[in-house]
Structure formats: C-alpha cells, structure tokens
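Please read the structure below before turning to the comments.
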Amino acid sequence: MLKFVCSSMLEKTYLPGQTGWDTCAPVWSCIQEVGTEITLSDPEFLLKVAVYTRQELNIRITANFLLALTAHLPNSKPHLRRYFCSAVQLPSDWLEVTRIYSQCFSTSLPSCLKKALADKFKQFSEYQLAKYNTRKHRCKHSKKKRKEVSPKKWLEWAKIVSVDQQDLKKHVQSAQRVAADKKVNEFNMKKLIKRLHIKEPAELVMSILGKRYPTDVRAFWRSGLSGVWQSERANQRMRLKQPETWETRLSQEGNKAETWEKLIDNNSLPFMAMLRNLRNMITQGISNKHHDKILKRLNSKSAVIQSRQFPFRFLSAYKVVLSLSSSVGGGVNVKTSKKETLRKIVRKIPRSSNFRHIDWLTMSRQRLRTALSIPFIRGVYNSNIRTQQKNRLKILSLELLQRYGEALDKAVQISCKHNIPPLSGHTLIFFMSFTSTTGVKGADFCLPPETLNENMENTNLSPTMMEVSLLLAMMIRYCSEHTQFVLADNEGLQEIQVESGGLLENVRRVVKLIEEFKNLPQKMLHDHFFSKLLEEKTKVSTQRIYEYYMSDYVLAMMSVERFQKACIRKPLLVNILLNQRIANIDSSDDPKTLHLDGFSEQILRFISEFGSSRLLDHVEQMDKLHKIPPPTGSTAKQERAADIMPLPAVPKL
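In the working numbering, the protein residues as written are 7 to 659.
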C-alpha cells in the first residue's frame, strides 16, 4: 500500500475523477484494490496512511483520494470522522475530497463524510476561507472557451512549418498547460455549505453565502451571530475580509519595482515566491539594498533549510539568471534578434524522418515569417519579443547576475545536504545514461556552466538526459551514508571516486570522466565487481541500487539481478528510465524491485520514503503522533506522542 502511495507522487497526468483516471493511471486503481483488502483486517490503516501522506509527505491529491476511498468502504466509515480533521489542512482539500468522492464513487455523500466535513469547517479561519473563496472559486470570472481546431486547419499549419500533422499537434498540446477541471461550478464553498446545511460559525457562513446583516435586534438574535448588534451594518451585504497576501498586493499595485521593494521590506514575500519571481524583481530594477536582502536570504543556511526546498528549485531559479545573462552587453541588432527568436521557436518543433532534410538555419526571412500565421507560434514569438524589449529597457549588470549565480550555487549545496532526507546504509549507484543529448520532459532547470560568460555563447539552457541523470545520482550520493558510484555499460564498469567538493563541481567533473570511460580499453567485468563485493562481506541489509539508463543494457542488468539474489538480505533495486514521456511505476509483486519511468522532482522524496525500514511502524503510530481521539466507548489509554520516535521531516516541494 505504501509503495503505491509513494508512487502517486510521480502521477501528474491523470488525477482522480478525470476521464481515464481508473484505466490510464494504474496507481489509483491499485490503491483502491489494495486498500479495500487491507480495510477488511485493519479498518483504520488507510486513514493513518492518509494522515501520514498529508502531514509528512505533503501530497494533497493522494491524501484526499484516500479519505474519499475510506468514506466509500463500509469497514472504515465509522473511523473517518476521527481522522478527517488531521488529514485535511486547507479549504481546497475540504472541497477536493467531496469532488473526488462524487466523481469516483457516488454522487450521494454518506453521513459519515457529511459530519466530518461539518466538523472541519468550524476549524477554518476567516483568512483561510477568504483565500480559497475568490471570484474564480465563486464562478464569477469570465471563462472564454477556445474554438476547436479543425483537422483541415492542423494540416494547413503542418504544411507551413514542414512537419507531420500529429507531431505539430502533440508539440502544441505539450506546451499548453491545461488546468485540471475541478468542476468549481458544482463543487464550491457556497454550494457545499448549502448541501451540508452548515450553520456555524454564523458570521463566516453568512459572509460566504452573501447574506445581509440583520436589520434589527430580533433578527440578529435569530441569525445566531455572536456579539452585539451593530446598527451601522444593518441590511449591508456581508463579505469575508480580503486577505493580505503578496499576490493581492501585486495585483492591486502592479508588477513594479516599488511594489516588490515594499513586499521585501515588510517581509511579506515567502521564500518560494521569491525564488519564482527573481526574473520580475531583477528586470523591474529594484534597488541594490533590496538585492542585498534577497542575496542574504539565498546565502542563509537557516533560511534555505527552513524553506525545505529541494535543489531542483534553486536550479530552476539559476536557469532564469542564465537566461537574463544572455541579454547583458547591449548592441543587439533588433532585426537579427527577431529573426533568430522566430527561428528558435520553429526549430523546437519535432520532425519525422520525412522532413529532416529541411534546414531552418538557411531559411529566408520571408519563409520564416509565414510561420507567424499559426496562432501558437505567434503567441510564443510575441511573448519572447516583449520579454526581450523589457530586458533592454533595464540595465542588467553582469556582476549582479554573477552574485545571484554564486548565491544559488551555495543554496543548492545547503539544500542537497540538509533538505533531502538521509539515506542510511550502503548505496550503489549504477550510472548507464551517457549516450543521449536529448532533453527530459518535466525538467524545468539547467546544469549551470562554470561562468556566466561561458553561457553567453550557449543559448540552449535545457538539460540533457545525461545531465539530469547525473544531478539525480549526485544528489543521492550526497545524502547517502555510504556510496559507491559506478559507470557501466554492456562491456564492463569502472568505479569513480566523488570528491568532497560542491555538487555542481562534481557533476561537471563526472561529465569529463564519462568521455574518458567511453574510450577506456579495459573495464572491470560486472560479475567480477559483484563477486568482490560479496567476498568483502559488504553489508547489504540496507543497500540500495539505483540505475539510470536509456536503452537496454542486458548484460549489466543480468549481473545486477544476480547480485541482488545472491545477497543474504535482498537490497532495494530502483531502475529509473528517464526517456519515458509519462512518469509511471510498475506494479510488480516484488517489494524490493521498482521501475520508475519518466522524470519528476518527487523522485528523491519517493526513494527516501520508500527506502525507510521503519516506515510501516511509523505510519502505525499516526493516531498517537497527531492525537487522534480514540473510538467512542474505548477504555484504552492513549500513548504520549513524546514516547514515539518520529521519522526525519521530509522537505515540501
């Protein structure tokens, strides 16, 4: 069960309730099937897993699906109300549990779920309710529906850019971020309050429903409002107080340097928001004093640890700094810039073998501009041109960008050392992904060059499959108790020593070693290497084997599997295949073998959580750790939370 819960971190394509959630995404069907069997013997286990998933793994969708599932299963229904308040943290979770149950199981809500929802509503503050009851959530925003593109139009566009019709369609759809349809017109706070007949707290309920304030004392007494009747508010529409957040301030005052400076001075800009908005703050031209404050936060060990962000988040911010560095220097020919901008957009469209002979590098300007008749290309082109024009208006200092690069480099080291949960025992990393230079879907970061000057010559910031694999492998190496790093192919392998320097320095060094390994005349045989490990009686009770490969290395895989079977205590074997389009996990019966397909930032968290030997015992203690009340009529004395040893905290992404 815990294996499928952890693997749900990688599932982003099909969410519960969407079309194909139970057929195209096997992880949800597996959770439902296994959960139904477990509930027959232990009715509370699924609820403990839901609390663990939300409180410690911080996976909202999986925790909400588990709550909806327990509300559907007869054996777990009596216990749902006790665990519900600990597993639901936000009003968005409160609404999503209802949506998932209605779309996956039944449109009629069971009484146990209704009572649990009413209990949790009383715990929400006015700030929380106002933040998740915006105009969009109340269906007050205008939603323009896009016209469906006809097959004839797709064919016409494909001829313009000389690609296959299906390739163009897939490329356009992959670039568009389609928001999940959460049926806000059916599942919103106002409708759910009416459906559940919630009346308390009266002030918040009346404000969400848009009721008018009582006109006299008698009406005030009947309404259930607390306090004293206020005559000046009589017959006025009641509203929730608008929450003061950095988003609302930015929306009111605009994306200006003064707005960002106010947010920084008032400490109103959270760490994650600061990382995601580095481009806006730099290009809008905030003062050096405020740049120093941001750099101080990025260099602060305590601030980076407290943010609980994985290294990938800082590398995404690094990518922004590198993209800005390419616009430093001035003297850019505008016509050439526009032509090259359009050329880069068109060249990114994948081409089949039938159109490989067409070279857009030598295409005329007139032929290039015909591609602007395609709405998608025109939209991306205009967006890029606007960004370039904004960057030219601001004088960007290369020295400032270098300071940001150094600060983010340091933040990556701190995050890698402290924000990734430690992996105990012996970890063997088998690296077998050094032939591909293609990109990885979902990897919105880059491997920074040694200097920003080097980047100004290289305009491609997307990481290759080898670079993503190396970053993952090196992060695992840094958080492991004892590690062996091995380069391998079908001919043999070579163990390399990772130096004690920085993460990015070691990744660049290993890239150079890989080039030498390809041309190495003599390599150690796979069986000889594993036999040596067995002869030295290497402790393998907690060993994990990680493999990064992009093609079938049959001989190497056979040696790994033979070693796994020869160990007294079978180690955990994790195979990560990065060249898959959709993140997925196999559902094999072997609990010690995992095959992860595709890339996700959640892979590090998945490996650390699934590899914990004390995970099951820890989940069993969730009711005591979070002070879940015992069943009605139970005489068992609840254990103190201080007597229970919790697992290390997991960083939130």
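Ideal Cβ placement from N, Cα and C applies to all residues, glycine included.
Check whether residue i and residue j have beta carbons under 8 Å apart
i, j, result
"residue 290", "residue 323", "no"
"residue 435", "residue 482", "yes"
"residue 301", "residue 375", "no"
"residue 77", "residue 56", "no"
"residue 169", "residue 357", "yes"
"residue 421", "residue 487", "no"
"residue 79", "residue 113", "no"
"residue 292", "residue 252", "no"
"residue 242", "residue 218", "yes"
"residue 404", "residue 331", "yes"
"residue 510", "residue 418", "yes"
"residue 90", "residue 48", "no"
"residue 438", "residue 494", "yes"
"residue 609", "residue 476", "no"
"residue 133", "residue 249", "yes"
"residue 136", "residue 63", "no"
"residue 61", "residue 624", "no"
"residue 87", "residue 122", "yes"
"residue 414", "residue 304", "yes"
"residue 423", "residue 484", "yes"
"residue 697", "residue 138", "Since the first residue shown for the chain is 7 and the last is 659, residue 697 is missing from the structure and cannot be characterised."
"residue 578", "residue 598", "yes"
"residue 120", "residue 53", "no"
"residue 536", "residue 491", "no"
With 16 other Cβ atoms within 10 Å as the buried cut-off, status of residue i
i, result
"residue 222", "exposed"
"residue 388", "exposed"
"residue 82", "buried"
"residue 213", "buried"
"residue 364", "exposed"
"residue 325", "buried"
"residue 590", "Its pLDDT being 48, under 50, residue 590 is placed unreliably in this model, and the value from its coordinates should be taken loosely. Classification for residue 590: buried."
"residue 23", "buried"
"residue 85", "buried"
"residue 50", "buried"
"residue 360", "exposed"
"residue 25", "exposed"
"residue 432", "buried"
"residue 527", "exposed"
"residue 283", "buried"
Three-state secondary structure assigned by DSSP to residue i
i, result
"residue 23", "coil"
"residue 357", "coil"
"residue 634", "coil"
"residue 501", "strand"
"residue 488", "strand"
"residue 273", "coil"
"residue 140", "coil"
"residue 130", "coil"
"residue 240", "coil"
"residue 508", "coil"
"residue 534", "helix"
"residue 620", "coil"
"residue 580", "strand"
"residue 41", "helix"
"residue 431", "strand"
"residue 575", "coil"
"residue 68", "helix"
"residue 51", "helix"
Proximal residues to residue i (C-beta, below 8 Å), its chain only, five neighbours per side dropped
i, result
"residue 167", "174, 352, 355, 377, 380 and 383"
"residue 200", "215"
"residue 366", "349, 352, 353 and 374"
"residue 347", "387, 390, 391 and 394"
"residue 240", "219, 220, 221 and 222"
"residue 46", "81"
"residue 254", "248"
Own chain residues within Cβ distance below 7 Å of residue i, not counting five before or after
i, result
"residue 74", "103, 106, 107, 110 and 111"
"residue 163", "174 and 380"
Cβ-based neighbour list, residue i, same chain, cut-off 6 Å, excluding 5 preceding and 5 following
i, result
"residue 270", "296 and 299"
"residue 178", "382"
"residue 71", "22 and 106"
Near the ligand SAH: residue i beta-carbon under 7 Å from a heavy atom
i, result
"residue 32", "Looking at this structure, you won't find the ligand SAH or any other ligand, since it has none at all."
**Prompt:** Three or more C-beta pairs closer than 8 Å, one from the stretch 524-536 and one from the stretch 502-512: is that the case here?
**Reply:** With the cut-off at 8 Å, the stretch 524-536 and the stretch 502-512 do not touch.
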